[in-house]
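Each residue of the sequence shown is one higher than the one before, starting from 20 at the first, in the working numbering.
Don't be surprised by glycine CBs; every beta carbon is placed ideally from N, CA and C.
All figures in this text were calculated on a predicted structure; none of them were measured in a lab.
Below is one structure, written out as structure tokens; the observations come after it.
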Amino acid sequence: MKKTLFTITIILLCALSLSAAKYDRADGFGIGLSAGYPVAGAAFKFGMGDFRIVGTVGYSFSNNVAVEAGVQYDLDRFNVDRFPFYLNLGITGAANFGPVFDGFSINIPIGISYFLVDVPVEFFFKFTPGIKIRSDFVGPDFGAAIGALIYLNR
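This is the structure we're talking about:
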């Protein structure tokens, strides 16, 4: 696992040095890392203006392989000093896969994204309320994550 994370980090740093442009929000395919709940691991986004397809593949806190996928929409842009931030809302589904299927959740992530001006990099934070569904339990589920992505085809 450590070798995999190290390899991903090296690839991201190399890709960062290869692409630079002046813009305030990246579109296209982005790859990076996300740390949090319901899934921590490799994060992916495909941006098309205000709309993004999102996903994360990695591990859950119960040490199972986990997948999260969904969509995100940038609701608003606001500036702090001269730095542009984007408020976004989405819907995702997440599932854990261990020796026994651990159920899934339907989530409504509410987040803030910041895109670097000179390089195609996004930093994000999201709070994720949702509903966890198992064979013996249905109830609230809360999560949060932070992460960074680099957009490769910009």
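*If we count Cβ pairs, one from each stretch, closer than 8 Å, do we get three or more for the segment 51-68 versus the segment 95-109?*
Three or more Cβ pairs closer than 8 Å define a contact, and the segment 51-68 falls short of that threshold against the segment 95-109.
_Local conformation of G149 per DSSP, three classes_ = The count along the sequence shown starts at 1 and reaches residue 149 at position 130. In the three-state DSSP reduction, G149 falls in the strand class (E or B).
*With K151 and I129 assumed to form a contact (beta carbons below 8 Å), what rounded beta-carbon distance in angstroms separates them?*
Here residue 151 refers to the residue found at position 132 of the sequence shown. Here residue 129 refers to the residue found at position 110 of the sequence shown. In fact, because the Cβ distance is near 18 Å, the residues do not count as touching under 8 Å.
_Beta-carbon within less than 7 Å of G166's beta-carbon, same chain only, minus the 5 sequence neighbours each way: which residues are those?_
Taking the first residue of the sequence shown as position 1, residue 166 is located at position 147. Answer for G166: G51, L52, S53, A54, A62, F143, listed in chain order.
*Beta-carbon spacing of V58, G89 below 8 Å*: As a first step, residue 58 must be located in the sequence shown, where it is residue number 39. As a first step, residue 89 must be located in the sequence shown, where it is residue number 70. For V58 and G89, no; Cβs fall outside 8 Å.
*If V140 and I169 are in contact, beta carbons under 8 Å, what's the gap, nearest whole angstrom?*
Mapped onto the sequence shown, residue 140 falls at position 121. Mapped onto the sequence shown, residue 169 falls at position 150. Their Cβ separation, rounded to whole angstroms, is 5 Å, which keeps V140 and I169 in contact under 8 Å.
*Residue of D137, D93, L106, G149 minimising C-alpha distance to A113*: In the sequence shown, residue 113 corresponds to position 94, counting from 1. The candidate whose alpha carbon is nearest that of A113 is G149.
*If I'm right that L171 touches F48 with Cβ under 8 Å, what's the distance once you round it to whole angstroms?*
Mapped onto the sequence shown, residue 171 falls at position 152. Mapped onto the sequence shown, residue 48 falls at position 29. Taking a contact as a CB-CB distance under 8 Å, the pair L171 and F48 counts as one, their CB atoms being some 6 Å apart.
*Classification of R44 by the beta-carbon crowding that lies within 10 angstroms, buried from 16 upward*: The count along the sequence shown starts at 1 and reaches residue 44 at position 25. By the neighbour-count definition (other C-beta atoms within 10 Å, threshold 16), R44 is a buried residue.
*Could you give the DSSP three-state label for I72: helix, strand or coil?*
Here residue 72 is taken as the residue at index 53 of the sequence shown, counted from 1. Three-state DSSP puts I72 in a strand.
*For D159, which three-state DSSP category applies?*
In the sequence shown, counting from the first residue as 1, residue 159 sits at position 140. Sequence inspection shows Pro at residue 159; the Asp mentioned does not correspond to that position. The three-state secondary structure of P159, taken from DSSP, is strand.
_Please tell me whether L94 and N107 are closer than 8 Å, where the distance is taken between their beta carbons._
Here residue 94 corresponds to residue number 75 of the sequence shown, with the count starting at 1. Here residue 107 corresponds to residue number 88 of the sequence shown, with the count starting at 1. Yes, Cβ-Cβ distance for L94 and N107 is below 8 Å.
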